[in-house]
Amino acid sequence: QELGIKDRLPAYLDPDLKPQDLPTGVSFASGGSGYDPMTPELASVISMAHQLNLFKEYIAKLKQLVGEEKKKFIIANSLYLVVAGSDDIANTYFVLRARKMQYDVPAYTDLMLNSATEFLKELYGLGARRIAVFSAPPIGCVPSQRTLAGGTERHCANEYNVAARLFNKKLSAALNTLRTSMPGGKFVYVDIYKPLLDLIDNPQKHGFKFADVGCCGTGNIEVAVLCNKWVPSTCTDASKYIFWDSYHPTEKAYRALIIPLLPKYVNKFL
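Numbering (the numbering used here), first residue to last: 109 to 378.
Spelled out as structure tokens, the structure:
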């Protein structure tokens, strides 16, 4: 909304998607996916490689709808948001330990980075030019990871955050390299690590009361489909909480994060 985009960005795979939605933006995202190709396999969701294939399909449909020239204009001037990494670090590496025997944290973040870089190069090759790439968040501080790895006091899981910071450092440097090597490419690193950590560390400063539990159920472990109208003890006022469930922020928290970020980053795409 703050960017002037339509209120709801429909999923490209939505069976009710209308042709008129194609020129004004759709979402290819799949919750639980990640840069590591193993991550979507473990979660049975759509891989980022397949998301690119869907984007290619979208481009062909867009061309049929508006013609070649307008298609090129739309693809080149649209804003692309790439948000991944949390599930790689939290789920694939630390919780499920699916990669921990093969890779230490520096090597695993290299694997993530290589996959991210290849994804961005292919996206650029398909005509995308304005690409915002979000950092990994302080994933060790979300309620579920506090519960699983924060000890009896449910502190932030420090090793998760160390991995996130290391990946972010590598990602930021890689985007600088892409900007110089890809003509016209505006690859912008969007740091959400520090702003979200500030919300979590200083909830009252930002108008929140609860930072270490979610609104849904116990707030300690429930997530996604486990948060529904049948879950007992869900909070009555989500605006007091930074997290809706044990993994995802509330709408109020997203607004608190995004609104201050806009002036910092929007001009980088102009």
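Backbone N, C-alpha and C fix where the C-beta goes; we use that ideal spot for every residue, glycine too.
I247 and A272 closer than 8 Å at C-beta: Yes, these two residues count as a Cβ contact at 8 Å.
Beta-carbon separation (whole angstroms), F295 vs L221, contact threshold 8 Å: In fact, because the Cβ distance is near 13 Å, the residues do not count as touching under 8 Å.
Closest residue to L130 among K360, A244, K114, P357 (Cα-Cα distance): K114
Touching by the beta-carbon criterion (3+ pairs, under 8 Å), the stretch 341–355 and the stretch 309–318: yes
Simplified DSSP assignment, three categories, for P214: helix
Endpoints, the beta strand (DSSP E) within which A240 is located: If you look at A240, you'll find it in the beta strand (DSSP E) that goes 238–242.
Pick from K313, I183, Q128 that is closest to G233, judged by C-alpha positions: I183
Local conformation of S289 per DSSP, three classes: helix
Same chain only: Cβ atoms within 8 Å of G258, ignoring 5 sequence neighbours per side: Here the set comprises G248, C264, A265.
Length-filtered (3 minimum) beta strand (DSSP E) runs lying within the stretch 313–353: 318–322, 349–351
Cα-Cα separation between L283 and Y297, rounded to whole angstroms: 7 Å
Residue range of the beta strand (DSSP E) that includes L117: Looking at the DSSP string, L117 is not in any beta strand (DSSP E), and its letter there is neither H nor E.
Cβ-based neighbour list, T225, same chain, cut-off 6 Å, excluding 5 preceding and 5 following: A282
Beta-carbon contacts of I329 that lie in its chain and below 7 Å, excluding the five residues immediately before and after: The residues are S252, T255, S354.
Candidates C324, D144, Y373, of which the one nearest S194 by Cα: D144
Residue from A240, P148, L189, G142 with nearest C-alpha to T217: G142
Nearest residue (CA-CA) to Q128, options S152, G139, K171, L162: K171
N- and C-terminal bounds of the beta strand (DSSP E) containing P189: A small correction: the amino acid at residue 189 is Leu; Pro does not occupy that position in the sequence shown. From DSSP, the beta strand (DSSP E) with L189 extends over 187–190.
Straight-line gap, D196 to L189 (C-alpha atoms, nearest Å): 18 Å
Cutoff 7 Å; reference F163; Cβ partners in own chain excluding five residues on either side: The beta carbon of F163 is closer than 7 Å to those of F136, L234 in its chain, skipping five residues each way along the sequence.
Length of the line joining the Cα atoms of V203 and Y268: 10 Å
G133 vs V153 beta-carbon contact at 8 Å: no
Within 8 Å, strictly: CB atoms of P148 and S138: yes
Selection from M146, L378, L304, R116 that minimises the alpha carbon distance to R207: M146
CB contact check: A236 to chain C, cutoff 8 Å: The structure shown has no chain C; it contains just one protein chain.
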